[in-house]
Amino acid sequence: MSEFQLNYSFAALLLALTLASLAFPALFLPLSVAAFLYVLPGYFAVRLSGAKIGLLETAALSLLISIMGSTYALYWMSLAFGYSQTTFHLYFALVSLAAVFIPQKIELPKKLSQKIVLPKIKLDQIARPFESEDAAPILLSIASMLVFGGILYVSLWAPSKDGVITGAWNYGDYFLHASVIESVNHGNFPPVEPIYAGAPLAYHWFIDLHTAIVSKLFQAIPRIPAIIDSTLGVGLLSLFTYLLAMRFTGDRKAALIAAFLVIFAGGFGYLRFPEEVAAHLGAYPENYSATVPLLDRYINYSQATANEILREATGDGTRAGYYNETLISSLLRSDGFDNSEFFELPSMLPGFLLPQRPLTIGLPALAAVILLVSTGYPGDWRPLLLARKI
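If you're matching positions, the sequence shown starts at -17 in this note's numbering and goes up one per residue.
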């Protein structure tokens, strides 16, 4: 026999976390931000919908709906109460109270005098997804985030002796995103154009608001929050592509290939990667080779001969002196790797979708909606309800 009970203990725990993040932000604010802006709102929505979906779908939807739902909620709350940390923590408290309604079923004892013991969470239960058929798509998603998170970390607003690196050919877009984020955090709310003063903001700034909220909570520049949001977008796109392909093919290998191609394909420019590496390594003087770590040499060292070698390697004789920057930036901006007429390595993700931040979160959202509609239509309204929330 089982009975539904209101989850007071869960709500109390989350309220305590909210208060702790106010009293001891250095210790508890990161946990609160992760919980209330990235995980719990979406998880609550999935649980309350009653949709019968798998563990992988639940995890992916929890992240996506949390990012989107928290952004929408805080936008409307900020219109009513002002865009401030006080409003953000009020939202944390409301999410905490919503935990009361998260279903909690416990087995009632045969004798009332017997104590009720809640089931214990074991470590093997947490690790179980990595021992199942979901291990491969999870690992592919993690690998995708590591690759593109690494690209963003070394190339998105990375100060160097030659200036600020913003990465591949379309990364100049980040200057607009940064101006939106920073101006919103300094009073431009509801926002007008940060470039054309007084004009309504017509740019797709949805994910910029989420990044702005995170950076305002931490009172930090938006670089790291922007990297985190874009990196999560890549991981979610990988997961939802896999799940969508599984839905239509029923073949796990085909679904994995689809997810890999969506993230990493676009051309064969990566075949020239060893050639470019060799060209860069050969550009260093003899006294600057053996003792300097490879990563440091890529990020911090640049000279004219490297630019010439890169120009020759890409076959582009029209841009002499164009690559007057650090080597890692040259590598990322090289026509041989990004948007070349002959070699197009994934210009979609590293060169376009990562800096074009609305699409980085928009594509996973589109894939999630298609997945939920195809799962629920026509007979099950619960997945359709989740699709409506996205």
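All C-beta atoms, glycine included, are put in the ideal place defined by N, C-alpha and C.
query, result
"Could you give the distance in angstroms between the alpha-carbon of SER78 and the alpha-carbon of LEU22?", "9 Å"
"Just the Cα atoms here: how many angstroms apart are SER126 and VAL216?", "7 Å"
"ILE189 and THR342 - do their beta-carbons sit closer together than 8 Å?", "yes"
"Assign THR231 to one of two classes, buried (16 or more other C-beta atoms within 10 Å of its C-beta) or exposed (fewer than that).", "exposed"
"For the alpha helix (DSSP H) holding HIS168, just list the boundary residues, first then last.", "Run containing HIS168: none; DSSP gives neither H nor E here."
"So does the stretch 155 to 172 actually touch the stretch 12 to 31, counting three or more Cβ pairs closer than 8 Å?", "no"
"Residues in the same chain with beta-carbon distance under 6 Å from ALA194, minus the five sequence neighbours each way, listed in chain order, please.", "ILE163, VAL166 and ASN167"
"Based on DSSP bridge pairs, tell me the residues matched to VAL174.", "PRO182"
"What is the rounded straight-line gap between the Cα of ASN(-11) and the Cα of LEU45?", "22 Å"
"Can you tell me whether LYS198 is buried or exposed, with buried defined as 16 or more other CB within 10 angstroms of its CB?", "buried"
"What residues in its chain sit with their C-beta under 6 Å from that of SER271, if we drop five residues either side in the sequence?", "Caution is warranted here: a pLDDT of 46 is assigned to SER271, below 50, making its placement in the model unreliable, and no coordinate value can be reported."
"Do LEU38 and LEU221 come within 8 Å of each other at the CB atom, strictly closer than that value?", "yes"
"Buried or exposed for PRO360, please, with buried defined as at least 16 other CB atoms from any protein chain shown within 10 angstroms of its CB.", "exposed"
"Give a yes or no on whether the C-beta atoms belonging to PHE74 and PHE18 are separated by under 8 Å.", "yes"
"Can you grab the Cα-Cα spacing for the pair ALA81 / ALA16, in whole Å?", "16 Å"
"According to DSSP, is LEU225 helix, strand or coil?", "helix"
"Tell me whether GLY51 is buried or exposed, calling it buried when 16 or more other Cβ atoms sit within 10 Å of its Cβ.", "buried"
"Let me know if LEU353 comes out buried or exposed under the rule of 16 or more other beta-carbons within 10 Å of its beta-carbon.", "buried"
"DSSP three-state label for ASP190, please.", "helix"
"I'd like the list of long-range same chain contacts for TYR266, defined as Cβ closer than 6 Å, with 5 residues on each side in sequence excluded.", "Interpretation of TYR266 is limited by its pLDDT of 49, a score under 50 that renders its predicted location unreliable; the figure taken from the coordinates is listed afterwards. Cβ within range, chain order: n/a, list empty."
"Excluding five sequence neighbours on each side, which residues of the same chain lie with their C-beta closer than 8 Å to the C-beta of ARG364?", "SER31, GLY32, ALA33, LYS34 and GLY358"
"Rounded to whole angstroms, what's the CA-CA distance from PRO374 to ALA42? Just pull it up for me.", "Outside the shown range of the chain (-17 to 372) lies residue 374, about which nothing can therefore be said."
"Answer with buried or exposed for ILE346, where buried requires no fewer than 16 other C-beta atoms within 10 angstroms of its C-beta.", "The sequence shown places Pro at residue 346, rather than the Ile named in the question. That one is buried."
"Got a sec? Which residues, its chain only, sit under 6 Å from ALA350 by beta carbon, not counting five neighbours each side?", "LEU46, PHE222 and ILE372"
"Taking C-beta to C-beta, are TYR224 and ALA247 nearer than 8 Å?", "no"
"How about PRO340 and HIS186: are their beta carbons less than 8 Å apart?", "yes"
"Please specify which runs of the beta strand (DSSP E), each continuous and at least 3 residues long, are wholly inside the stretch 22 to 98, giving them in chain order.", "87 to 89"
"With 16 other CB atoms within 10 Å as the buried threshold, where does PRO182 fall?", "exposed"
"So, under 8 Å CB-CB, ARG229 and SER356 are touching, yes? Tell me the CB distance rounded to an integer number of Å.", "6 Å"
"How about THR53 and PHE130: do their beta carbons lie closer than 8 Å?", "no"
"Ends of the alpha helix (DSSP H) at TYR135?", "117 to 137"
"Please name the residue in VAL244, LEU1, ALA(-6) and ALA8 whose C-alpha comes closest to that of SER123.", "VAL244"
"State yes or no: is the C-beta of THR0 within less than 8 Å of the C-beta of SER(-9)?", "no"
"Look at the alpha carbon of PHE157 and the alpha carbon of GLN201, and state the distance between them as a whole number of angstroms.", "19 Å"
"Would you kindly check if the distance between the Cβ of LEU138 and the Cβ of ILE203 is under 8 Å?", "no"
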